[in-house]
Amino acid sequence: MDIVLEAKNINKNFQKPVPFHVLKDINFKINKGEFASIMGKSGCGKSTLLYILSTLDTDYSGELFLNNELISKKSSDYLSYIRNKHIGFVFQFHYLLSEFSVLENVMLPAKKLAEKTLKEIEFDAMSKLKMLNIEHLTKKRASRISGGEKQRVAIARALINNPSLIIGDEPTGNLDSHNSSNVFNIFRQLKEEEGLSLLVVTHDHEFAEKTDRIIQMEDGKIIT
Amino acid sequence: MVNWSVILSIAKTHLLSKIKQTSTAAMGVMFGIGAYITLVSFMTGLNTMLDDLIINQTPHIHIYNEIKPSKKQPVDLYKETQNTFNIVHSIKPKLSQKKIHNALPIIQYLKTKKNIRGVIPQVKATIFYIAGSIELGGSLKGIHPLEEAKLFNLEDYVVKGTLQGLQQNNNGIILGKGIAEKMSLKVGNRIQISTINGDVFPLKIVGFYQSGIAEIDNIQSFVNLKTAQRIIGKSEDYITDINIKLHDISEAVSLSKKIENQFRVTAVDIETANAQFETGTSIRNLITYAVSITLLIVAGFGIYNILNMLIYEKMNDIAILKATGFSGIDVQLIFMSQAMIIGIVGGILGLLVGYLLAKFISTIPFETEALPTINTYPVNLDPMFFIIGISFALISTFLAGYLPSRKAKKIDPVKIIRGQ
Numbered sequence: 001m002d003i004v005l006e007a008k009n010i011n012k013n014f015q016k017p018v019p020f021h022v023l024k025d026i027n028f029k030i031n032k033g034e035f036a037s038i039m040g041k042s043g044c045g046k047s048t049l050l051y052i053l054s055t056l057d058t059d060y061s062g063e064l065f066l067n068n069e070l071i072s073k074k075s076s077d078y079l080s081y082i083r084n085k086h087i088g089f090v091f092q093f094h095y096l097l098s099e100f101s102v103l104e105n106v107m108l109p110a111k112k113l114a115e116k117t118l119k120e121i122e123f124d125a126m127s128k129l130k131m132l133n134i135e136h137l138t139k140k141r142a143s144r145i146s147g148g149e150k151q152r153v154a155i156a157r158a159l160i161n162n163p164s165l166i167i168g169d170e171p172t173g174n175l176d177s178h179n180s181s182n183v184f185n186i187f188r189q190l191k192e193e194e195g196l197s198l199l200v201v202t203h204d205h206e207f208a209e210k211t212d213r214i215i216q217m218e219d220g221k222i223i224t
Numbered sequence: 001m002v003n004w005s006v007i008l009s010i011a012k013t014h015l016l017s018k019i020k021q022t023s024t025a026a027m028g029v030m031f032g033i034g035a036y037i038t039l040v041s042f043m044t045g046l047n048t049m050l051d052d053l054i055i056n057q058t059p060h061i062h063i064y065n066e067i068k069p070s071k072k073q074p075v076d077l078y079k080e081t082q083n084t085f086n087i088v089h090s091i092k093p094k095l096s097q098k099k100i101h102n103a104l105p106i107i108q109y110l111k112t113k114k115n116i117r118g119v120i121p122q123v124k125a126t127i128f129y130i131a132g133s134i135e136l137g138g139s140l141k142g143i144h145p146l147e148e149a150k151l152f153n154l155e156d157y158v159v160k161g162t163l164q165g166l167q168q169n170n171n172g173i174i175l176g177k178g179i180a181e182k183m184s185l186k187v188g189n190r191i192q193i194s195t196i197n198g199d200v201f202p203l204k205i206v207g208f209y210q211s212g213i214a215e216i217d218n219i220q221s222f223v224n225l226k227t228a229q230r231i232i233g234k235s236e237d238y239i240t241d242i243n244i245k246l247h248d249i250s251e252a253v254s255l256s257k258k259i260e261n262q263f264r265v266t267a268v269d270i271e272t273a274n275a276q277f278e279t280g281t282s283i284r285n286l287i288t289y290a291v292s293i294t295l296l297i298v299a300g301f302g303i304y305n306i307l308n309m310l311i312y313e314k315m316n317d318i319a320i321l322k323a324t325g326f327s328g329i330d331v332q333l334i335f336m337s338q339a340m341i342i343g344i345v346g347g348i349l350g351l352l353v354g355y356l357l358a359k360f361i362s363t364i365p366f367e368t369e370a371l372p373t374i375n376t377y378p379v380n381l382d383p384m385f386f387i388i389g390i391s392f393a394l395i396s397t398f399l400a401g402y403l404p405s406r407k408a409k410k411i412d413p414v415k416i417i418r419g420q
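Chains A and B are the protein sequences, given in the same order.
Heads up: the first sequence begins at 1 in UniProt numbering, then just goes up one per residue.
Heads up: the second sequence begins at 1 in UniProt numbering, then just goes up one per residue.
#1: So, is Asp248(B) buried or exposed, given that buried needs 16 or more other C-beta atoms within 10 angstroms?
#2: In whole angstroms, give me the CA-to-CA distance for Ser76(A) and Ile82(A).
#3: Against chain B, does Asp124(A) count as a neighbour if the rule is that its beta carbon must be under 8 Å from one of theirs?
#4: Below 8 Å between beta carbons: does that hold for Val414(B) and Tyr95(A)?
#5: Which residue marks the beginning of the beta strand (DSSP E) containing Met39(A), and which one marks its end?
#6: Please report the distance separating the alpha-carbon of Lys150(B) from that of Lys71(B).
#7: Short of 6 Å in beta carbon distance, which residues of its chain neighbour Gly168(A), apart from the five on each side in sequence? Order them along the chain.
#8: Can you give me the start and stop residues for the alpha helix (DSSP H) that residue 227(A) sits inside?
#9: Need the endpoints of the alpha helix (DSSP H) that Phe208(B) sits in, please.
#10: Name, in chain order, the residues that DSSP records as bridge partners for Met217(A).
#11: Anything in the region 79-97 of chain A with a Cβ closer than 9 Å to a Cβ of chain B? List those residues in chain order, please.
#12: Using alpha carbons as the reference points, say which of Lys182(B), Ile174(B) and Gln122(B) lies closest to Ile134(B).
#13: For Tyr64(B), which of helix, strand or coil comes out of DSSP?
#14: Answer yes or no: do Ile30(A) and Ser197(A) have a C-beta to C-beta separation smaller than 8 Å?
#15: Step through the CB atoms of chain A and report whether any lies within less than 8 Å of the CB of Ile342(B).
#16: Of all the CB atoms in chain A, is at least one closer than 8 Å to the CB of Ala323(B)?
#17: Take Ala98(A) as the anchor and find which of Thr363(B), Ser391(B), Leu321(B) and Asn380(B) has the nearest alpha-carbon.
#18: Quick one: using the 10 Å Cβ neighbour count with 16 as the cut-off for buried, is His136(A) buried or exposed?
#19: Using C-beta distances below 6 Å, list every residue in its chain close to Ser37(A), excluding the 5 sequence neighbours before and after it, in chain order.
#20: Counting only runs of 4+ residues fully inside the UniProt domain "ABC3 transporter permease C-terminal" (290-413) of chain B, write out the alpha helix (DSSP H) ranges in chain order.
#21: Which bits of chain A does Phe326(B) rub up against, with CB to CB less than 7 Å?
#22: Taking CB distances under 8 Å as the criterion, tell me whether Pro17(A) reaches chain B.
#23: Could you compute how far the alpha carbon of residue 474(B) sits from the alpha carbon of Thr58(B)?
#24: CA-CA distance, Ile91(B) and Asn47(B)?
#25: Tell me, which residues are paired with Glu6(A) by DSSP?
#26: I'd like to know if Pro171(A) contacts chain B, where contact means its C-beta is closer than 8 Å to some C-beta of that chain.
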């Protein structure tokens with residue numbers, strides 16, 4: 001089976017406010033089409049790990065492979081390109097650009113990638129919005145829609161460049177149970193229909209138990 | 001790879017969504033540049049006018065015969081006392097005539113030189129204006145009226161009558177305005193003047209002269225050169241002053257030295273004669289530029305401030321842009337282009353405002369006795385000021401945008417995303 005993401009001997013130390021070994025020898029793989037969740041108590045280092053895996057944080061030792069390509073120690077411009085093309089983000093807080101319309105928010109990463117014409121990008125964005133049943137929001141400003149809708153727009157944005165991996169940082173942490181299950185079903189659907197790989201950090205047991213695999217973390221180590 | 005259309009569209013959305021702040025910043029630049037253009041064109045306009053006043057009516061080289069003591073007293077020539085310390089008390093000036101020796105040949109010679117635009121002889125004489133039993137001291141200049149007009153703009157200072165009128169009338173006089181007022185005289189009246197020797201001449205007033213300096217207007221009058229020579233009873237070769245105008249004013253110093261050595265006369269160049277005037281000009285220029293640069297720096301700080309605030313407000317946007325694949329450079333360019341758009345818009349508006357204000361100033365009436373030819377405030381709209389203005393707007397907005405945008409480039413998205 002193809003491996004999308006592989007971490008080898010990831011270690012990270014915080015120097016401030018006190019020296020602290022936050023991640024200790026992390027090794028794991030995410031296969032293509034796998035829906036994995038990371039669970040653990042607050043402060044166990046799961047978010048820290050997630051930001052390392054997503055290439056936003058480069059201050060660590062160890063090796064990280066995305067689609068079997070070593071991406072540790074690459075230049076920040078190249079990492080930006082990797083994030084743009086291969087990784088889709090969904091955060092706990094919605095993080096849309098509030099002054100732009102929903103459509104513009106979804107289109108922006110594709111415009112940055114600039115592999116398609118503007119018309120193709122717009123068509124893609126519309127089809128992603130349709131898939132998530134929010135095509136009626138297209139022209140609205142991102143600041144004028146509800147929290148559940150924002151999260152779906154964020155998912156549409158994460159999908160716009162057809163990434164290899166979706167990374168979620170408590171994507172349901174700020175949503176009610178109805179919207180949570182909605183988001184879960186979208187993820188499930190993406191995995192099954194599009195063959196996407198997903199890696200989600202969550203506190204929500206119910207959510208985690210429905211995923212393919214739970215990676216349990218404690219004190220900077222993976223225990224299961 | 002930089003994708004400009006995306007960057008500019010983000011910058012545009014940011015600017016338009018904060019239109020109040022944007023326009024405040026642009027207005028800061030506008031006022032800075034506008035004030036610079038207005039101030040600099042007005043100040044240099046005044047400066048040029050004052051320069052022209054002096055340069056137009058002042059000879060570039062003035063030749064005359066100075067009355068002064070001999071540099072070598074007889075005792076210095078006496079060999080027996082050569083190695084002793086000599087003191088001579090109450091030295092008197094050397095007896096010589098006021099006229100320039102061989103004036104006419106000198107004039108002829110100077111007129112053949114190519115770098116000299118014009119040479120005019122003058123006769124100066126001390127006289128008295130007679131009003132009944134009162135005698136007023138005065139000074140009379142014998143001139144070639146039309147040549148004076150051509151080279152030294154004398155007609156600008158003839159407030160009534162014309163220099164042609166003087167040229168045509170051998171018994172005519174152009175009288176200082178101050179004397180005319182003291183003696184209640186009008187153009188067409190007659191005035192009697194007397195020489196130091198007591199000879200009295202009646203002259204017909206053909207015009208009034210006003211320099212703007214009361215002390216001069218109270219004593220100075222003009223007659224034809226020949227009339228002046230006749231009044232003081234001298235021949236046609238009696239010339240007390242020769243005024244020279246050059247094509248290139250910068251040659252004045254060297255040429256005056258040459259003339260002094262060649263003809264054994266005193267020759268004073270315009271720079272020596274107007275040293276304090278030069279100082280005034282350079283200090284005025286200094287003040288103009290100091291004030292302008294201050295204005296532009298203040299405008300620059302305004303932009304810096306507003307952009308800084310904008311970046312704090314847009315922390316989330318910056319984090320999300322970086323997380324979704326925009327590089328640090330992209331983010332920096334987004335904010336830089338915002339600063340530059342503010343600079344370009346503000347700068348162009350500033351040029352326009354400055355131009356209109358300067359045009360407006362140039363229509364304000366400005367009448368002063370000192371400057372009879374000026375009716376409105378002088379304004380110098382040099383295209384160079386506009387180039388300097390827009391360049392400064394761009395440079396200062398670039399600098400004001402560079403520092404905050406570099407901060408935006410360095411923002412760590414993880415800190416922002418985790419911080420919430």
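We treat Cβ as the ideally placed atom computed from N, Cα and C, and that holds for glycine.
Reading from the atomic positions:
#1: exposed
#2: 10 Å
#3: no
#4: Not a contact, by the Cβ cut-off of 8 Å.
#5: Residues Phe35 to Gly40.
#6: 38 Å
#7: Val90 and Val200
#8: Here chain A comprises residues numbered 1 to 224, so residue 227(A) is not present and cannot be evaluated.
#9: Per DSSP, Phe208(B) belongs to no alpha helix (DSSP H); it is in the beta strand (DSSP E), Val200 to Tyr209.
#10: Answer is Gly40(A) and Ile222(A).
#11: Leu79, Ser80, Tyr81, Ile82, Arg83, Asn84, Lys85, Ile87, Gly88, Phe89, Phe91, Gln92, Phe93, Tyr95, Leu96 and Leu97
#12: Comparing Cα positions, the closest option is Lys182(B).
#13: strand
#14: yes
#15: no
#16: yes
#17: In the sequence under discussion, the amino acid at residue 98(A) is Ser, which differs from the Ala named in the question. Comparing Cα positions, the closest option is Leu321(B).
#18: exposed
#19: Here the set comprises Val200, Thr202, Ala208, Thr211 and Ile214.
#20: 315-323, 328-361 and 383-410
#21: Ser80 and Lys112
#22: no
#23: This structure does not reach residue 474(B), given that chain B is present from 1 up to 420, and the question cannot be answered.
#24: 44 Å
#25: Lys29(A) and Phe65(A)
#26: no
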